[in-house]
Ligand SMILES: CC(C)(COP(=O)(O)OP(=O)(O)OC[C@H]1O[C@@H](n2cnc3c(N)ncnc32)[C@H](O)[C@@H]1OP(=O)(O)O)[C@@H](O)C(=O)NCCC(=O)NCCS
């Protein structure tokens, strides 16, 4: 399967929500991580699409700004989703690899994810609870993981993950 990873294109947004509904189900909006993202804009420069040679969207990965106990900015990886018919062809891993490299290039130091440990451990993610981090809601302990994009970035950093309100969208501020 041939594909390339691009910065998310303006027209991709209309295809991303249906893909997320298909891959995660509608109940995705109840999740603790959704609460961290709702009403906030993704981290600037950190939204990616896997694209077929003809331009069609095959997969999506977005990162969101978060904050660890007011001590350190960080990013939250996800949602990550790949078209069901094309899963297992390396698209998800390519999105994560590319996304983390871009995050590093843009100066991000810490990345958090809630996902399958077997999928994220090869990228260097470790258990976030054991690293001293907390999430503001229920989560399966082994799925909550963190990556030091920059070595030792978690030194002296622990506590509750919070929303990065500075990234609130104009629409959510109007509703508040
Ligand atoms: C999870 C997902 C993004 C992976 O993308 P993908 O393009 O299918 O995955 P890749 O081809 O890059 O990698 C495939 C490998 O990941 C493994 N894998 C896929 N989903 C996994 C999961 N939930 N847990 C553990 N391993 C998983 C596969 O077993 C395969 O392993 P192998 O290479 O040893 O055979 C994709 O399957 C998807 O959209 N799933 C539904 C949405 C979802 O669950 N997203 C959650 C991300 S935490």
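Numbering (this note's numbering), first residue to last: 19 to 194. Virtual Cβ for every residue (Gly too), placed ideally from N, Cα, C. On a predicted model such as this, the values are computed, not experimentally measured, just so you know.
Report yes if the C-beta distance between residue 80 and residue 26 is below 9 Å; otherwise report no. Yes, the pair counts as a contact, with Cβ atoms nearer than the cut-off.
Leaving out five residues on either side along the sequence, give the residues of the same chain with a beta carbon under 6 Å from the beta carbon of residue 34. Around residue 34: 78.
Among the residues of its own chain, which have a CB less than 7 Å from the CB of residue 71, if the five just before and after it don't count? Excluding sequence neighbours, residue 71 sits near 20.
Regarding residue 111 and ligand 1, is the C-beta to nearest heavy atom distance less than 8 Å? Yes, ligand 1 has a heavy atom inside 8 Å of this Cβ.
Please go through the same chain and pick out, in chain order, the residues whose beta-carbon is closer than 8 Å to the beta-carbon of residue 120, but skip the five residues on each side of it. 63, 64, 66.
Taking Cβ positions, are residue 136 and residue 100 nearer each other than 9 Å? When the beta-carbon positions are compared, residue 136 and residue 100 stay at least 9 Å from each other.
For the putative contact between residue 50 and residue 155, defined by C-beta atoms under 8 Å, what is the C-beta separation to the nearest angstrom? Here residue 50 really is in contact with residue 155; their C-beta atoms are around 3 Å apart, less than 8 Å.
Using a 10 Å radius around the Cβ and a threshold of 16 neighbouring Cβ atoms, would you call residue 143 buried or exposed? When all chains shown are included, residue 143 counts as buried.
Are residue 184 and residue 83 close, meaning C-beta to C-beta below 9 Å? Contact annotation: residue 184 and residue 83 have beta-carbon atoms nearer than 9 Å.
In whole angstroms, give me the CA-to-CA distance for residue 148 and residue 170. In this model, residue 148 and residue 170 are separated by some 15 Å (Cα to Cα).
Just to confirm, is the Cβ distance from residue 175 to residue 89 under 9 Å? With contacts defined as CB atoms closer than 9 Å, residue 175 and residue 89 qualify as a contacting pair.
Please determine, among 163, 43, 123, 179, the residue with the shortest C-alpha to C-alpha distance to residue 53. Measuring C-alpha to C-alpha distances from residue 53 to each of 163, 43, 123, 179 identifies 179 as the nearest.
Within-9 Å CB hit, residue 52 to chain D: Here chain D cannot be found, since the structure has a single protein chain.
CA-CA distance, residue 167 and residue 74? Straight-line Cα distance between these residues: approximately 31 Å.
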